[in-house]
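In my numbering, the protein residues as written are 3 to 108.
Virtual Cβ for every residue (Gly too), placed ideally from N, Cα, C.
Taking it in order: structure first as structure tokens, then the write-up.
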Amino acid sequence: MYHAPKESRPFCQHRYNLARIHLKRTILALPESNVIHAGYGSYAVIEVGLNGGDKAFYFVAFRAFREKKKLRLHVTSAYPISEKQKGKSVKFFTIAYNLLRNKQLP
Numbered sequence: 003m004y005h006a007p008k009e010s011r012p013f014c015q016h017r018y019n020l021a022r023i024h025l026k027r028t029i030l031a032l033p034e035s036n037v038i039h040a041g042y043g044s045y046a047v048i049e050v051g052l053n054g055g056d057k058a059f060y061f062v063a064f065r066a067f068r069e070k071k072k073l074r075l076h077v078t079s080a081y082p083i084s085e086k087q088k089g090k091s092v093k094f095f096t097i098a099y100n101l102l103r104n105k106q107l108p
């Protein structure tokens, strides 16, 4: 358990280690990644590249929004999955363009 001043939560060392390895690289590769709708205004990246050129399925759910004329991303969850999930595909640049132009998100 992870104990914070306001609450205690379960802590998964495996998910933490995966996030340390893959999360930064996944976020930096968003422009080239296949992004899908994850539901409830969230988007997700499913496939991540491994060091040997292989692909792994790693569900990284995030919300994108605009704050003070800047694009903000909040990763809401990240965990490994056994098979690729289906969802409507959307390009990350489409999300960013619509946010910066105050248009409705795809």
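Beta-carbon spacing of residue i, residue j below 8 Å
i, j, result
"Ile38", "Leu75", "no"
"Phe59", "Lys86", "yes"
DSSP-derived helix/strand/coil call for residue i
i, result
"Ala31", "coil"
"Arg103", "coil"
"Ala46", "strand"
Extent of the continuous alpha helix (DSSP H) run through residue i
i, result
"Ala40", "From DSSP, Ala40 is part of no alpha helix (DSSP H) but of the beta strand (DSSP E) over 37 to 41."
Residues that DSSP places opposite residue i in a beta bridge
i, result
"Arg136", "Limits of the chain in this structure are 3 at one end and 108 at the other, which puts residue 136 out of reach."
**Prompt:** Can you list the beta strand (DSSP E) stretches of 3 or more residues lying completely in the region 52 to 88, in chain order?
**Reply:** 57 to 69, 72 to 82
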